[in-house]
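The block underneath contains the structure these notes are about, expressed in structure tokens.
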Amino acid sequence: MKIFDGHCDVLYKMWEAQQKNETIPSFYSEKESSLRVTMPNMAAAGVAVQACAVYLPQRIRGSRRFTAALEIIDLFYEHIIKDERYIKPIRTAHDLEEVEKGGKKGALLTLEGADALEGSLLNLRILYQLGVRAIGLTWNFRNEAADGVGESNPAGLSQFGKQVVIEANRLGIILDVSHLAEPGFWELAELTRQPFIASHSNCRAVCDHLRNLTDKQIKAVIKAGGVIGVTFVPYFLSAKSKTDITDVLRHIEHLLSLGAEDHLAFGSDFDGIDETMIDLTSQREYTKLREALVKEYGENRVNKWLWGNWKRILTALL
Ligand SMILES: [Zn+2]
337 MKIFDGHCDV
347 LYKMWEAQQK
357 NETIPSFYSE
367 KESSLRVTMP
377 NMAAAGVAVQ
387 ACAVYLPQRI
397 RGSRRFTAAL
407 EIIDLFYEHI
417 IKDERYIKPI
427 RTAHDLEEVE
437 KGGKKGALLT
447 LEGADALEGS
457 LLNLRILYQL
467 GVRAIGLTWN
477 FRNEAADGVG
487 ESNPAGLSQF
497 GKQVVIEANR
507 LGIILDVSHL
517 AEPGFWELAE
527 LTRQPFIASH
537 SNCRAVCDHL
547 RNLTDKQIKA
557 VIKAGGVIGV
567 TFVPYFLSAK
577 SKTDITDVLR
587 HIEHLLSLGA
597 EDHLAFGSDF
607 DGIDETMIDL
617 TSQREYTKLR
627 EALVKEYGEN
637 RVNKWLWGNW
647 KRILTALL
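Counting from 337, one number per residue, gives the positions in the sequence shown under this note's numbering.
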């Protein structure tokens, strides 16, 4: 049973080290303790494809943003892809098929926030050419495209944000609504001609956090044919101080009650969080989640959630 993980921030960790002139943590070392997503962990857990986000911290402003995104993409190719015999960038449905059939791993390059575009569709097209295949319009705050969930009086999509949606549809870049404030969510849902995803968000009805989706939003993602990546961020799972796999199961139960059987997936957010769940502390421990899920729901259903649902949307859109 293969695993597809829809979100992690391993590139951000590498880039921060590079910015501080520190040694870039090794994606390939068994001994690398500062990363939760590594090649040895992928191998141990059976993670076949990992989505790697290009995320810019808020301190990066103005005309520094696109260059910073290029630096992060450079790390993707120099430090993660490195040798395509072992791991290849997922750019087409064919790439995904190759990973599914063979022993090769895959990595999907995604953009977390249109900040990096600096308001230019040309930059979006360049990022597409460099392999970016999914885009979230915002992180938590406002940018040229839209407002994130952290804004107090969020507006919807700007004219530029609407153009990004249309151009992403045209190019074959999957739209991601995690972090997007509700007005923008509904405008995007209305405007897009393609299924869209929430790569790393949970259920608001189970855990009342702004980053989680309301039932109405979940139903809209389902109706569009999209995918919701259940995430392992402790405070998106529960208000309790300690969270474990049973909390993940509560979100899954809720999603299933809304009809998400064919839309449920996972987006861990490993390396984007300081705290983790107590029993899912790195990608390596996906095995524990898989065991718990199979016990509860059986292999066929779990196979869809760990692999098949991501595969369906990528195959349709890439
Ligand atoms: Zn995020």
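From the three backbone atoms N, C-alpha and C, an ideal C-beta is built for every residue, glycine too.
Note that this is a predicted model, so its numbers are computed, not measured.
Let me make sure I understand the geometry here. Which of A596, H536, H587, S535 has the alpha-carbon closest to that of I558? A596
Any beta-carbon of chain C closer than 8 Å to the one on S535? Chain labels in this structure do not include chain C; a single protein chain is all it has.
Can you give me the C-alpha to C-alpha distance between T554 and H587, rounded to a whole angstrom? Position check: residue 554 holds Ile in this sequence, whereas Thr was assumed. Answer to the nearest angstrom: the Cα atoms are 12 Å apart.
In angstroms, rounded to a whole number, what distance separates the CA positions of L447 and N636? 31 Å
Does the separation of the CB atoms of N377 and Q619 fall below 8 Å? yes
Any heavy atom of ligand 3 closer than 7 Å to the CB of D544? Ligand 3 is not part of the structure shown, which contains ligand 1 as its ligands.
In three-state terms, what does DSSP make of L567? Looking at the sequence provided, one finds Thr at residue 567 rather than Leu. If DSSP states are grouped into helix, strand and coil, T567 belongs with coil.
Enumerate in chain order the residues of its own chain whose CB-to-CB distance from R427 is below 6 Å, with the five nearest sequence positions on each side excluded. G467
Please determine if the stretch 613-630 and the stretch 394-402 are in contact, where contact requires at least 3 C-beta pairs separated by less than 8 Å. no
In the DSSP assignment, find the alpha helix (DSSP H) that holds V584 and state where it starts and stops. 581-593
Could you say which of L411, L511, E632, N538 lies nearest to V566 if we only look at CA atoms? N538
Proximity of D551 and A534 at Cβ, strictly below 8 Å: no
Kindly confirm or deny that the stretch 622-631 and the stretch 485-495 touch, where touching means at least three C-beta pairs closer than 8 Å. no
Since F340 and A384 are thought to touch, with beta carbons under 8 Å apart, how far apart are those beta carbons, to the nearest angstrom? 7 Å
Rounded to the nearest angstrom, what separates E278 and H343 at their Cα positions? Nothing in the structure corresponds to residue 278, since the chain is present only between 337 and 654.
Would you list, in sequence order, the uninterrupted alpha helix (DSSP H) runs of no fewer than 4 residues that lie entirely inside the stretch 448-519? 457-465, 495-507
Leaving out five residues before and five after S574 in sequence, what residues of the same chain have Cβ atoms less than 6 Å from its Cβ? C543, D583
Of all the options A482, D605, G438, which has the alpha carbon lying nearest to the alpha carbon of C388? D605
Over the uninterrupted beta strand (DSSP E) stretch that includes P425, give me the two end residues. 423-425
Evaluate the contact criterion for the stretch 430-439 versus the stretch 469-476: three or more CB pairs, one atom per stretch, below 8 Å. no
Distance cut-off 7 Å: S604 Cβ against heavy atoms of ligand 1: no
Would you list the residues sitting across from V390 in a DSSP beta bridge? L447
Should G520 be listed as close to ligand 1, given that the test is whether its C-beta is under 7 Å from any heavy atom? no
On a Cα-Cα basis, can you pick out the residue from K424, A381, Y348 that is closest to Y391? Y348
Rounded separation between Q394 and G644 - CA only: 35 Å
Identify the continuous beta strand (DSSP E) that holds I339 and give its terminal residues. 339-341
Compute the Euclidean distance between the alpha carbons of K655 and L592, then round it to the nearest angstrom. The first residue shown for the chain is 337 and the last is 654, placing residue 655 beyond what the model contains.
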